[in-house]
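Visitor: In the order they appear, the protein sequences are chains L and D.
In this text, residue positions in the first sequence follow the numbering used here: the first is 763, and each later residue adds one.
In this text, residue positions in the second sequence follow the numbering used here: the first is 95, and each later residue adds one.
The beta-carbon is built from N, C-alpha and C at its ideal position, and this holds for glycine as well.
Quick caveat, the model's predicted, so the values are computed rather than measured.
Below is one structure. I have some questions about it.
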Amino acid sequence: MADEGYYLAPDSEKVRQGDIVALAPMVWPIRPPPWGVLNSGQEKNERRKAQHGRPSTWPRKRLQGADDVDIVVTARLRWAMLLTRGCDVDKGRRQRQLAPIRPLSTISSEDDQLAVVEGRAVGLHYIPPVPQGLGSLFGHAYVDFRGVTTLHADLFDELERPLSVTRGALQEVYLAWVTHATGRRLSIAASCPHCGKPVPLLVEARDQVRPDEDY
Amino acid sequence: MSDSWYGNLRAGVFSTHQLYRKRQQAGRVRLWGKSGVRNTSPKTMLGSASTGSARRASFTALAAFAAIGSVGPPLDDAAVAAASLGAPSSEVAGDYSVSWADIEGEEFSPAVRAALQAWPDRSRERRDLAELAFSMFEFDDSPTPVTTDDGG
Chain L
763 MADEGYYLAP DSEKVRQGDI VALAPMVWPI RPPPWGVLNS GQEKNERRKA
813 QHGRPSTWPR KRLQGADDVD IVVTARLRWA MLLTRGCDVD KGRRQRQLAP
863 IRPLSTISSE DDQLAVVEGR AVGLHYIPPV PQGLGSLFGH AYVDFRGVTT
913 LHADLFDELE RPLSVTRGAL QEVYLAWVTH ATGRRLSIAA SCPHCGKPVP
963 LLVEARDQVR PDEDY
Chain D
95 MSDSWYGNLR AGVFSTHQLY RKRQQAGRVR LWGKSGVRNT SPKTMLGSAS
145 TGSARRASFT ALAAFAAIGS VGPPLDDAAV AAASLGAPSS EVAGDYSVSW
195 ADIEGEEFSP AVRAALQAWP DRSRERRDLA ELAFSMFEFD DSPTPVTTDD
245 GG
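Pasting the structure below:
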């Protein structure tokens, strides 16, 4: 059932959107209260005396958002897909947005599994098993837009990047991401606000983009 | 390469050895396991290839990741203890035993298997739709600030 046209080997030189990395730390939703690690001093050997605690114990500047605070978070090392566009990478921007890839089997309900596979689950985008020729790295899975984590480029660059997706597959992912962000599903036709009849907007566009051979 | 999730983790551990060697200098790796929270150094997890203990150490690391590998900022013992109070331990105990081999076939219901069989056709339709939709967007390459005042 693996789709040979979905995955490909990554560009060894350039990082590109759709690249898949191994063991990226994906952060779980942070639960209250966030625990801060507060250094008691600047000296290295004073770190052992670090304080920690709930926000009510944090220094005022941190509570007011004027200073950074190291917050203890829970993460899991996962396969993850890069969403940040390659041109942003090329221009030296340091943020790398990654969506975790999770096994389809972790969804317990049959109805929910069906919704993911059939593209009806906003936020969870099904991806097929990696074919044997590319290492069978994982099986039926989904990209989870709900858990996007941003890594610094320095950490991202340390991760193994064994796989990427084809252009068509990437466009599918981006379309799913737009659907997740807007809650609006793209349709081949829209309803006319006056008469209610379907207007085949994308059919018109398709004819413009891909005219018939005898056009 | 193994077709199991477990095997993939193992492959990842080897391939990200460098990451943890780097973090060995920068900080410590925090682990949640069934016995609670532990703060350990990457060296403990991975050992040293130069001493010939890489194989055993990799196994240790595999077990550690399987329990849950959580890479965070440098932490002291007090902070780790604090983290244990807020850690969702039932979640981090994890599904590390999930095997991709197990989820092929029999783990899915007939309805899901039928949907998986039909998926390639739906995927092609969605790709066509995406191609059309994105062809209607104008590419916007306007600059985004590389740095901001607060270091973001």
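Distance cutoff 7 Å, beta carbons only. Does Val910/L sit that close to anything in chain D?
Guide: Start at 1 with the first residue of the first sequence, and residue 910/L comes out as number 148. Chain D contact via Cβ: absent.
Visitor: Is the CB of Glu805/L under 7 Å away from at least one CB in chain D?
Guide: Taking the first residue of the first sequence as 1, we reach residue 805/L at position 43. In this predicted model, Glu805/L has a pLDDT of only 48, less than 50, meaning its place in the structure is not dependable; the value taken from the coordinates is given anyway. For Glu805/L, the answer is no, since every Cβ of chain D falls outside 7 Å of its Cβ.
Visitor: Applying the 10 Å Cβ sphere with the 16-neighbour rule, what's the burial state of Phe231/D?
Guide: By 1-based counting over the second sequence, the position of residue 231/D is 137. By the neighbour-count rule (16 or more Cβ atoms within 10 Å), Phe231/D is not buried but exposed.
Visitor: Can you tell me which of Ala943/L, Pro960/L, His956/L puts its alpha carbon nearest to the alpha carbon of Ser949/L?
Guide: For the purposes of this step, residue 949/L is taken as residue 187 along the first sequence, with counting starting at 1. Comparing Cα-Cα distances from Ser949/L to each of Ala943/L, Pro960/L, His956/L, the minimum goes to Pro960/L.
Visitor: Report yes or no: is there a C-beta of chain D within less than 7 Å of the C-beta of Gln933/L?
Guide: Here residue 933/L refers to the residue found at position 171 of the first sequence. Chain D contact via Cβ: present.
Visitor: Could you tell me which chain L residues have their CB closer than 8 Å to the CB of Glu232/D, listed as they occur along the chain?
Guide: Within the second sequence, residue 232/D is the residue found at index 138, counting from 1. Within chain L, no residue comes near Glu232/D; the closest Cβ sits about 14 Å away, beyond 8 Å.
Visitor: Taking only the alpha-carbon atoms, compute the straight-line gap between Asp222/D and Ala915/L and give it to the nearest angstrom.
Guide: The residue labelled residue 222/D in the question sits at position 128 within the second sequence. The residue labelled residue 915/L in the question sits at position 153 within the first sequence. Taking the straight line joining both Cα atoms gives about 33 Å.
Visitor: State the start and end residues of the unbroken alpha helix (DSSP H) segment that holds Leu825/L.
Guide: Residue mapping note: residue 825/L aligns to position 63 of the first sequence, counting from 1. First-last of the alpha helix (DSSP H) with Leu825/L: 822-825.
Visitor: Could you give the distance in angstroms between the alpha-carbon of Ala951/L and the alpha-carbon of Arg864/L?
Guide: Against the first sequence, residue 951/L aligns to sequence position 189. Against the first sequence, residue 864/L aligns to sequence position 102. In a straight line, the C-alpha of Ala951/L is about 33 Å away from that of Arg864/L.
Visitor: Any idea which residues DSSP pairs Trp841/L with across the strands?
Guide: Within the first sequence, residue 841/L is the residue found at index 79, counting from 1. Bridge partners of Trp841/L: Ile863/L.
Visitor: Using a Cβ-Cβ cut-off of less than 8 Å, list which residues of the segment 870-900 of chain L approach chain D; keep chain order.
Guide: Here the close residues are Glu872, Gln875, Leu876, Val879, Glu880, Gly881, Tyr888, Pro890, Pro891, Gly897, Ser898, Leu899, Phe900.
Visitor: Tell me where the alpha helix (DSSP H) around Thr941/L begins and ends.
Guide: Here residue 941/L refers to the residue found at position 179 when the first sequence is read from its first residue. Its alpha helix (DSSP H) spans residues 929-944.
Visitor: When we look at the beta-carbon of Glu219/D and count the other beta-carbons within 10 Å, is it buried (16 or more) or exposed?
Guide: As a working mapping, residue 219/D is identified with position 125 in the second sequence. Answer is exposed; the Cβ neighbour count stays below 16.
Visitor: Please report the straight-line C-alpha distance between Ala227/D and Trp790/L, rounded to a whole angstrom.
Guide: Working through the second sequence from its first residue, we reach residue 227/D at position 133. Working through the first sequence from its first residue, we reach residue 790/L at position 28. Whole-angstrom Cα-Cα distance: 32 Å.
Visitor: With DSSP as the reference, label Ser774/L as helix, strand or coil.
Guide: Here residue 774/L refers to the residue found at position 12 of the first sequence. Ser774/L falls in the coil class under three-state DSSP.
Visitor: Tell me the residue span of the beta strand (DSSP E) that contains Leu913/L.
Guide: In the first sequence, the residue the question calls residue 913/L occupies position 151. Note, Leu913/L: beta strand (DSSP E), 911-914.
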